[in-house]
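Report on one structure; see the data block that follows.
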Amino acid sequence: MVPGIGPSPDKMLQGRLFSYPDAHRYRVGPNYLQLPINQPKSPVNSYNVDGPMTFTNPQDPLYSPNSFGGPTADPTLYEGEHYHVTGELLRASASRHAEDDDHVQPRARWENILSDTDRAHMISNIVGHASAPEVTDAMKKRVVEYWTNIHKDLGHGVSQGLALS
């Protein structure tokens with residue numbers, strides 16, 4: 001639609017106004033904003049990368065926080081609102097609590113489900129990926145620390161495989 005000109009009251013046209021952009025995005029793919037003709041004047045900073053029809057290849061990980069930077073939220077832009085309902089509520093990012101443990105289920109799988117062969121294969125797979133040339137020594141130490149949080153035997157096996165012990 002041309003800016004400043006509204007659609008007619010035709011119901012068919014109004015329905016198409018919603019469907020056409022979606023159809024084009026489906027046809028071109030999730031990276032439609034990377035097409036030179038579709039690119040905004042200011043670059044888009046997000047973790048939506050890769051996939052079909054990608055034109056740029058930033059090679060950055062798709063999670064935050066990570067070791068390579070990337071877009072992060074600016075806490076000064078939104079300080080949150082405080083108001084009472086039946087208690088104090090705050091609109092803010094989630095924070096971890098002492099009782100939060102992300103390693104309970106993986107630890108149970110390691111201890112109760114995997115056979116010795118499966119455990120050896122898992123360690124081998126982790127070591128294989130963490131031995132890639134682009135993985136720095138600092139990253140390898142973090143890998144060992146992460147897997148040690150799940151189970152000390154798993155962390156020890158990864159550490160031995162990476163020759164960090």
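Here the sequence shown stands for residues 1 to 165, numbered as in full-length UniProt numbering. Don't be surprised by glycine CBs; every beta carbon is placed ideally from N, CA and C.
Does the ligand NAD have a heavy atom nearer than 7 angstroms to the CB of S124? By its list of ligands, the structure shown contains no ligand whatsoever, and the ligand NAD lies outside what it can speak to.
Exposed or buried, which one is V144 when buried takes at least 16 other CB atoms within 10 Å? Translated into the one-based positions of the sequence shown, residue 144 becomes position 144. Answer is buried; the Cβ neighbour count reaches 16.
Of all the beta strand (DSSP E) runs that stay within the bounds of the stretch 10-45, which reach a length of 3 or more residues? none
Terminal residues of the continuous alpha helix (DSSP H) containing N112? Walking along the sequence shown from the start, residue 112 turns up at place 112. From DSSP, N112 is part of no alpha helix (DSSP H); its letter is neither H nor E.
S115 versus G161 - alpha carbon distance: As a working note, residue 115 is residue 115 in the sequence shown. As a working note, residue 161 is residue 161 in the sequence shown. The straight-line gap from Cα to Cα measures roughly 19 angstroms.
Alpha helix (DSSP H) runs contained entirely in the UniProt domain "Catalase immune-responsive" (98-162), provided each spans 4 or more residues: 104-108, 116-130, 137-150, 152-161
Span separating the alpha-carbon of A108 from that of I123: The residue labelled residue 108 in the question sits at position 108 within the sequence shown. The residue labelled residue 123 in the question sits at position 123 within the sequence shown. Near 16 angstroms, if we compare the C-alpha coordinates of I123 and A108.
In its own chain, which residues sit with a C-beta less than 7 angstroms from the C-beta of Q14, not counting the 5 before and 5 after it? The residue you call residue 14 lines up with position 14 of the sequence shown. Excluding positions up to five away in sequence, the list reads P7.
When the Cβ atoms of the stretch 97-107 are set against those of the stretch 121-138, are three or more pairs found closer than 8 angstroms? no
Roughly how many whole angstroms lie between the Cα atoms of K41 and A94? Position 41 of the sequence shown, counted from the start, is the residue given in the question as residue 41. Position 94 of the sequence shown, counted from the start, is the residue given in the question as residue 94. Computed Cα separation, rounded: 33 angstroms.
Cα-Cα, which of Y32, H103, A132, P133 is closest to G155? Numbered from 1 along the sequence shown, position 155 holds the residue referred to as residue 155. Measuring from the Cα of G155, the nearest candidate turns out to be H103.
Once you ignore the five residues that flank I5 on each side, which residues in its own chain have a CB closer than 6 angstroms to its CB? Residue numbering aside, residue 5 sits at position 5 when the sequence shown is read from its first letter. In its own chain, leaving out the 5 sequence neighbours on each side, no residue places its CB closer than 6 angstroms to the CB of I5.
Where M12 and H24 are concerned, what is the direct C-alpha to C-alpha distance, given to the nearest angstrom? For the purposes of this step, residue 12 is taken as the residue at position 12 of the sequence shown. For the purposes of this step, residue 24 is taken as the residue at position 24 of the sequence shown. Our two residues, M12 and H24, have alpha carbons roughly 18 angstroms apart in a direct line.
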